[in-house]
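These notes concern the structure reproduced below.
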Amino acid sequence: MCAQEQEKADAIARKAERKQHAKESGKRRTFCFGLGMFGLVGWAVAVPTLLGVAVGAWLDRAAPGEFSWTLALLLGGVALGCINAWWWVSKESGNDD
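Each residue of the sequence shown is one higher than the one before, counting from 7 in this note's numbering.
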């Protein structure tokens with residue numbers, strides 16, 4: 007085994023030991039983790055919503071129609087953001103087994 011492969015194997019072993027130690031100690035998530043998750047969820051919803059509004063406003067000016075692109079893409083951005091937030095929360099709250 008070359009030196010680079012040995013370094014990778016050692017890094018994997020250290021990660022496994024840390025994971026096992028955390029599992030055995032029953033370490034709980036901290037307030038800071040919750041605050042970070044709150045911010046992540048907020049940005050996960052806000053960014054697609056604002057992008058939808060921006061693109062919708064541009065489309066309303068460039069190609070006016072019978073309905074509002076801004077409103078349609080606002081709702082689409084909120085829906086996409088909620089799906090995105092759900093994915094992040096389920097990923098972070100799931101077990102890493």
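Cβ atoms here follow ideal geometry from the backbone N, Cα and C, with glycine treated the same way.
Please classify L56 as buried or exposed, where buried requires at least 16 other C-beta atoms within 10 Å of its C-beta. Residue burial is scored here from C-beta neighbours: L56 has fewer than 16 other C-beta atoms within 10 angstroms and is therefore classed as exposed.
Does DSSP put E72 in a helix, a strand or coil? DSSP places E72 in coil when its eight states are reduced to three.
Short check: CB of A50 to CB of A91, under 7 Å? Closer than 7 Å, so yes.
Suppose you measure from the CA of D102 to the CA of Q26; what does that come to, to the nearest Å? Low per-residue confidence applies at D102: pLDDT is 48, beneath 50, and the placement is therefore not dependable enough to give any value.
Considering only the alpha carbon of each residue, which of A28, E30, V53 and R24 lies closest to I89? Distance from the Cα of I89 is smallest, within the candidate group A28, E30, V53 and R24, for V53.
Could you tell me the alpha carbon to alpha carbon distance between W75 and V84, rounded to whole angstroms? Computed Cα separation, rounded: 14 Å.
Out of G58, G42 and L80, which one is the CA nearest neighbour of E98? Of the listed residues, the one whose Cα sits closest to E98 is G42.
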